[in-house]
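The next block holds one structure in the form of structure tokens; read it before the comments.
Numbering (this note's numbering), first residue to last: 16 to 310.
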């Protein structure tokens with residue numbers, strides 16, 4: 016295996032670099048504490064080493080060593096379960112919930128990233144057989160592709176996000192023309208009128224409308240907004256809880272939030288950067304009946 020040392024090193028470095036770049040995206044979705052960073056970086060290094068070693072194992076017809084990839088895949092599935100349970104345990108202490116759909120999407124993402132790292136290391140190691148420059152070019156291309164692939168689409172890609180007026184009709188709070196909730200206390204209504212922000216999220220097509228219909232996607236929008244611009248919500252203050260409600264006639268949704276940072280541009284940017292959840296990405300326009308209904 017000594018003659019393949021360069022292949023193993025090149026593949027491992029490419030895989031680790033890929034995981035480091037993907038780690039930068041994690042902080043939008045996952046607590047950025049040092050132990051979590053170290054854990055995922057260590058798993059990325061292990062996945063890189065396994066992917067890089069697989070090429071020399073195949074060339075030497077050491078198929079027993081190659082089967083360790085199957086064991087690694089099983090371990091990565093366990094990582095997905097661990098991440099899911101961890102995030103669900105943290106969820107109970109949050110005032111603005113992520114929602115089960117968002118949590119499941121994060122868990123799947125962490126599992127998939129390890130597979131991407133392993134594939135990057137494997138193909139870089141294979142390219143190193145043709146020479147150092149082939150390894151560098153292949154590794155750089157795969158790292159770029161991995162980063163682009165895992166970025167994913169966002170609300171801003173499928174919806175228009177515009178400012179909306181906060182108003183009351185008697186005790187009913189409205190964002191634009193969308194009713195949000197009833198606020199009984201006069202003091203709370205006055206605070207909301209003077210400090211709250213609201214936006215309308217308008218779907219660009221029927222696929223987007225179906226996505227916004229999903230409650231998990233709406234929870235992800237309110238959670239992202241609360242994390243980025245802050246929320247004055249507190250325990251036993253339901254009237255200050257960020258909410259997203261739908262206009263049942265048009266499919267547009269309105270977001271209400273009482274922010275710490277009262278900045279409309281920041282709120283719109285936060286909503287646009289909310290990731291599209293895999294479980295919420297419905298495409299009725301792909302079906303003939305859906306296209307007929309859209310007409």
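Built from N, CA and C at the ideal position, the CB exists for glycine as well.
Annotation: residue 120 to residue 88 spans about 18 Å, alpha carbon to alpha carbon. Between residue 143 and residue 25, the C-beta spacing is below 8 Å. Around residue 63, the same chain offers 27, 30, 31, 132, 136 as residues with beta carbons nearer than 6 Å, after the five sequence neighbours per side are excluded. Ranked by how close their Cα comes to the Cα of residue 286, the residues 75, 240, 261 have 240 in first place. With respect to residue 212, residue 170 sits apart: the two C-beta atoms are not nearer than 8 Å. Selection 114, 296, 257, 254 evaluated against residue 235 yields 114 as nearest (Cα-Cα).
Among the bridge pairs identified by DSSP, residue 206 is matched with none. Contact between residue 110 and residue 195 does not hold, since the beta-carbon distance rounds to 17 Å and is not under 8 Å. DSSP places residue 279 within a helical segment (H, G or I) once states are collapsed to three. Spanning the alpha carbons of residue 125 and residue 204 requires a straight line of approximately 42 Å. Leaving aside the five residues that flank residue 122 on each side, the residues in its chain whose CB is nearer than 8 Å to its CB run, in chain order, 95, 96, 98, 99, 102. Bounds of any alpha helix (DSSP H) do not take in residue 180, whose DSSP letter is neither H nor E. Here the alpha carbons of residue 55 and residue 153 stand approximately 24 Å from one another. Judged by DSSP in its simplified three-state form, residue 214 adopts strand.
Counting only the Cα atoms, residue 265 lies some 13 Å from residue 191. Assigned with DSSP and collapsed to three states, residue 139 falls in helix. Proximity of the region 155-166 to the region 216-229 falls short of the contact definition, fewer than three beta-carbon pairs being nearer than 8 Å. Using a Cβ distance threshold of 8 Å, residue 70 and residue 141 count as a contacting pair.
In this structure, the straight-line span from the alpha carbon of residue 134 to that of residue 20 is close to 18 Å. Around residue 118, the same chain offers 99, 102, 103, 106 as residues with beta carbons nearer than 8 Å, after the five sequence neighbours per side are excluded.
The DSSP-derived three-state label of residue 261 is strand. Spatial neighbours of residue 247 in its own chain (CB-CB distance under 8 Å, excluding positions within 5 residues in sequence) are listed in chain order as 210, 255, 273, 274, 275. If you look at residue 239, you'll find it in the alpha helix (DSSP H) that goes 230-244. With contacts defined by Cβ atoms closer than 8 Å, residue 179 and residue 214 form a contacting pair. In the DSSP assignment, residue 187 forms a beta bridge with 184, 197. Exclusion of the five residues before and after residue 281 leaves 244 as the residues of its chain whose Cβ lies within less than 6 Å of its Cβ.
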